[in-house]
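Take a look at the structure set out below.
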(Lines of atoms letter the chains of each structure in order from A; the text may use other names.)
(Lines give C-alpha, C1' and ligand atoms only; values in the text may rest on other atoms or scores of the structure.)
Protein backbone atom coordinates (compact mmCIF):
# COMPACT_ATOMS: atom_id res chain seq x y z
CA UNK A 3 0.00 0.00 0.00
CA UNK A 4 1.34 3.42 -0.94
CA UNK A 5 1.84 6.05 1.74
CA UNK A 6 -0.63 8.86 2.23
CA UNK A 7 -0.11 12.27 3.84
CA UNK A 8 -3.14 14.12 5.22
CA UNK A 9 -3.45 17.67 6.50
CA UNK A 10 -6.18 17.73 9.14
CA UNK A 11 -7.71 20.98 10.35
CA UNK A 12 -9.84 21.78 13.39
CA UNK A 13 -11.20 25.15 12.22
CA UNK A 14 -11.77 28.22 14.32
CA UNK A 15 -11.96 31.99 14.06
CA UNK A 16 -9.51 32.55 16.95
CA UNK A 17 -7.53 29.28 17.15
CA UNK A 18 -6.99 26.67 14.44
CA UNK A 19 -5.76 23.18 15.18
CA UNK A 20 -3.62 21.54 12.50
CA UNK A 21 -2.04 18.10 12.17
CA UNK A 22 -0.06 16.45 9.40
CA UNK A 23 -0.35 12.68 9.50
CA UNK A 24 1.39 10.07 7.36
CA UNK A 25 -0.33 6.72 6.81
CA UNK A 26 1.79 3.81 5.64
CA UNK A 27 1.10 0.07 5.79
CA UNK A 28 -1.91 0.60 8.05
CA UNK A 29 -0.01 2.70 10.59
CA UNK A 30 -0.42 6.40 11.28
CA UNK A 31 2.46 8.68 12.24
CA UNK A 32 1.97 12.28 13.28
CA UNK A 33 4.53 14.54 11.60
CA UNK A 34 3.32 17.91 12.81
CA UNK A 35 0.90 19.35 15.36
CA UNK A 36 0.19 23.04 15.61
CA UNK A 37 -2.19 25.40 17.31
CA UNK A 38 -2.43 28.53 15.20
CA UNK A 39 -3.43 31.59 17.21
CA UNK A 40 -5.20 34.31 15.24
CA UNK A 41 -4.86 37.82 16.62
CA UNK A 42 -8.13 38.90 18.22
CA UNK A 43 -7.33 42.58 17.72
CA UNK A 44 -7.52 42.12 13.96
CA UNK A 45 -10.83 42.47 12.18
CA UNK A 46 -12.75 39.30 11.42
CA UNK A 47 -12.04 39.56 7.65
CA UNK A 48 -8.32 39.95 8.44
CA UNK A 49 -8.48 36.80 10.60
CA UNK A 50 -10.13 34.94 7.70
CA UNK A 51 -7.21 36.02 5.51
CA UNK A 52 -4.83 34.69 8.15
CA UNK A 53 -6.67 31.33 8.10
CA UNK A 54 -6.19 31.11 4.33
CA UNK A 55 -2.50 32.04 4.61
CA UNK A 56 -1.84 29.56 7.45
CA UNK A 57 -3.49 26.63 5.69
CA UNK A 58 -1.75 27.51 2.42
CA UNK A 59 1.63 27.63 4.20
CA UNK A 60 1.03 24.18 5.75
CA UNK A 61 0.08 22.76 2.34
CA UNK A 62 3.23 24.21 0.76
CA UNK A 63 5.48 23.00 3.59
CA UNK A 64 4.17 19.43 3.99
CA UNK A 65 2.70 18.68 0.53
CA UNK A 66 -0.26 16.56 1.70
CA UNK A 67 -2.27 14.45 -0.73
CA UNK A 68 -5.57 14.90 1.12
CA UNK A 69 -7.26 17.46 3.34
CA UNK A 70 -9.52 16.59 6.28
CA UNK A 71 -11.64 19.08 8.23
CA UNK A 72 -14.30 18.93 10.91
CA UNK A 73 -17.87 19.63 9.88
CA UNK A 74 -19.73 22.50 11.51
CA UNK A 75 -22.01 21.76 14.39
CA UNK A 76 -24.36 24.27 15.98
CA UNK A 77 -23.10 26.18 18.97
CA UNK A 78 -25.39 27.85 21.46
CA UNK A 79 -24.65 31.10 19.67
CA UNK A 80 -25.69 31.36 16.00
CA UNK A 81 -23.07 34.10 15.55
CA UNK A 82 -20.29 31.73 16.69
CA UNK A 83 -21.54 29.03 14.32
CA UNK A 84 -21.54 31.47 11.41
CA UNK A 85 -17.98 32.62 12.16
CA UNK A 86 -16.81 29.03 12.46
CA UNK A 87 -18.47 28.21 9.15
CA UNK A 88 -16.72 31.11 7.44
CA UNK A 89 -13.31 30.11 8.85
CA UNK A 90 -13.96 26.53 7.77
CA UNK A 91 -14.91 27.67 4.26
CA UNK A 92 -11.71 29.68 3.92
CA UNK A 93 -9.62 26.67 5.01
CA UNK A 94 -11.43 24.46 2.48
CA UNK A 95 -10.86 27.06 -0.23
CA UNK A 96 -7.12 27.03 0.49
CA UNK A 97 -7.09 23.24 0.00
CA UNK A 98 -9.24 23.31 -3.14
CA UNK A 99 -7.07 26.02 -4.73
CA UNK A 100 -4.09 23.67 -4.22
CA UNK A 101 -5.99 20.77 -5.83
CA UNK A 102 -6.45 18.66 -2.70
CA UNK A 103 -9.45 16.38 -2.24
CA UNK A 104 -11.43 17.47 0.84
CA UNK A 105 -12.96 15.06 3.35
CA UNK A 106 -15.29 16.26 6.09
CA UNK A 107 -15.83 14.57 9.45
CA UNK A 108 -18.10 15.20 12.42
CA UNK A 109 -16.19 16.03 15.64
CA UNK A 110 -17.57 12.88 17.32
CA UNK A 111 -16.19 10.73 14.46
CA UNK A 112 -12.71 12.19 14.95
CA UNK A 113 -12.85 11.66 18.73
CA UNK A 114 -14.09 8.09 18.26
CA UNK A 115 -11.21 7.29 15.90
CA UNK A 116 -8.54 8.91 18.07
CA UNK A 117 -9.70 8.13 21.62
CA UNK A 118 -12.26 5.37 21.24
CA UNK A 119 -15.24 7.43 22.38
CA UNK A 120 -17.12 10.17 20.55
CA UNK A 121 -17.57 12.11 23.79
CA UNK A 122 -13.88 12.58 24.60
CA UNK A 123 -12.79 15.99 25.84
CA UNK A 124 -9.92 18.05 24.39
CA UNK A 125 -7.47 16.80 27.02
CA UNK A 126 -8.15 13.16 26.12
CA UNK A 127 -7.74 13.87 22.40
CA UNK A 128 -4.47 15.74 22.99
CA UNK A 129 -3.13 12.89 25.11
CA UNK A 130 -3.77 10.33 22.37
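Numbering (the numbering used here), first residue to last: 3 to 130. Where a beta carbon is used, it is the ideal one built from N, C-alpha and C, also for glycine.
Residue 29: member of the beta strand (DSSP E) spanning 29-39, first to last residue. Between residue 31 and residue 61, the C-beta gap is not smaller than 8 Å, which leaves the two residues out of contact. As computed with DSSP, residue 75 is found in no beta bridge at all.
Note that the C-beta distance between residue 109 and residue 65 is not below 8 Å. Two segments are said to touch when three or more pairs of C-beta atoms, one from each, lie closer than 8 Å; by this definition the region 23-30 does not touch the region 82-92.
Cβ contact annotation for residue 56 (same chain, cutoff 6 Å, sequence separation greater than five): 38, in chain order. Note: residue 24 is bridge-paired with 7 and 31 in the DSSP secondary-structure output. Distance from the CA of residue 16 to the CA of residue 85, rounded to the nearest whole angstrom, comes to 10 Å.
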